[in-house]
Amino acid sequence: MSDLYELYQRRASVRKFKPEPLREGDLDKLLLAAQRAPTDATAQMYSLLRISNPALRKEISSHSGQNPHIETCAEFFLILADVYRLRRLLERRGGTFGRWPRTALHFAITDAVLAGSALATMAESLGYGIVWIGGVLNGIREIVRLCKLPQGVIPVAGLCVGVPDESPSPRPRLPRGLVVHENQYHDYSPEELEQAYTAMAPITRSGDWYRVLERYFAQGGTMEEREPAYQVLTARQGFEPDLPPELLEKLEEKEIEAGSLGQLIEAAFTGGFRSLQFHSKGYVWVEKEPEAYRGDGPPGEALAKALLQSPKERVIP
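The sequence shown runs 1 to 317 under UniProt numbering.
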């Protein structure tokens with residue numbers, strides 16, 4: 001336990017690796033740690049995709065913001081949220097997979113992160129360096145295609161493991177009082193928020209942590225840029241309750257993409273429809289002069305079916 005405490009005191013992400021493989025037997029130790037991680041309801045809603053093909057690594061790197069360590073580390077994994085296997089297991093014994101897409105995404109991501117974290121901690125305890133790659137979201141749709149991920153599976157992050165070729169110092173973290181609450185969540189005073197900026201200042205060359213937050217999380221930042229593709233991809237993989245993925249696949253053939261019911265409504269208006277009528281009896285009419293189309297079912301499904309009836313050239317302006 002004291003060794004683990006010391007590990008966390010000095011740990012830091014490594015982005016330079018020596019061109020060396022893991023020691024014999026260590027890969028099994030990493031995978032054992034991942035599989036021994038906690039999981040909800042015994043379901044193990046995650047998968048690890050070990051990327052050993054150099055060409056595939058290069059392509060994934062190109063879709064992840066050009067992270068050269070993806071290509072140079074000894075082992076690179078895609079950490080996947082995965083409910084596809086669970087569905088197959090239920091169907092094998094005659095069960096029908098329930099409709100709980102948002103809950104599925106929640107627990108699948110949780111399982112994936114727990115497994116990936118266990119693998120990473122085991123790797124660091126063995127003396128290897130690791131770095132998580134959030135940039136896989138930059139090209140998440142291309143990565144899903146390259147890796148042939150079935151419906152119900154999405155990348156959560158990448159994870160590089162290898163023999164370190166650098167010894168970075170631990171990076172600062174927020175004051176504990178800002179991240180540890182007791183009994184009730186407490187709001188932050190202006191003074192506490194400024195303490196956060198002071199504590200995190202050394203993480204940047206400029207000494208201004210706000211510039212990092214602004215670049216990633218403010219309007220026009222990296223996260224906002226990732227959001228549209230992520231919405232469409234998660235819906236296409238079956239994690240959007242209002243839009244059946246099989247209908248989204250057909251809509252894409254008409255060059256209509258949507259990750260939510262709201263986006264589908266916007267697509268209809270962009271395509272020239274002047275009126276959408278949602279009826280309580282379970283159908284939708286979409287109209288434009290002199291045409292009208294009807295779709296049946298819940299709102300998202302009904303709207304998708306109605307739009308699929310219209311000719312492609314009339315949907316897309």
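Note that the Cβ used here is the ideal one computed from N, Cα and C, for glycine as well.
For the options Arg99, Leu174, Trp285, the alpha carbon positioned closest to that of proline 245 is the one of Arg99.
In the DSSP assignment, arginine 92 falls within the alpha helix (DSSP H) that extends over 84 to 92.
Bounds of the beta strand (DSSP E) holding aspartate 296 are 291 to 296. For the pair phenylalanine 273 and glutamine 309, the Cα-to-Cα distance works out to about 13 Å. As DSSP reads the structure, arginine 141 sits in no beta bridge.
Leucine 174 and tyrosine 188 do not touch by the CB rule: their CB atoms are close to 11 Å apart, not below 8 Å. Taking 8 Å as the cut-off, the beta carbon of alanine 108 is found no closer than this to the beta carbon of tyrosine 210. The alpha-carbon of proline 68 is positioned some 7 Å away from that of serine 61. By the neighbour-count definition (other C-beta atoms within 10 Å, threshold 16), valine 212 is an exposed residue. In the structure shown, tyrosine 46 falls within a strand segment according to DSSP collapsed to helix, strand and coil. The beta carbon of glutamine 195 sits closer than 6 Å to the beta carbons of Pro175 from its chain, once the five residues preceding and following it are set aside; these are given in chain order. A check of alpha carbon separations from leucine 261 across Lys254, Leu248, Leu243, Val286 identifies Leu243 as the nearest. From the listed residues Arg102, Glu124, Ala292, Glu252, the smallest Cα separation to serine 167 is found for Glu124. As DSSP reads the structure, serine 275 sits in a beta bridge with Glu287. Under the three-state reduction of DSSP output, tryptophan 209 falls in the helix class. Contact check for alanine 157 and glycine 116: beta-carbon distance about 7 Å, within the 8 Å limit, so the pair qualifies.
Taking a C-beta distance under 8 Å as the contact criterion, aspartate 208 and alanine 218 do not qualify as a contact pair.
Between arginine 236 and leucine 247, the C-beta gap is not smaller than 8 Å, which leaves the two residues out of contact. Listed in chain order, the non-local C-beta contacts of glutamate 214 below 8 Å within the same chain comprise Gly221, local neighbours out to five positions each way being set aside. Exposure of proline 19 is indicated by the presence of fewer than 16 other C-beta atoms within 10 angstroms of its C-beta. Between leucine 27 and leucine 78, the alpha-carbon positions lie close to 15 Å from each other.
Checking the DSSP bridge columns, you'll see isoleucine 130 partnered with Val161.
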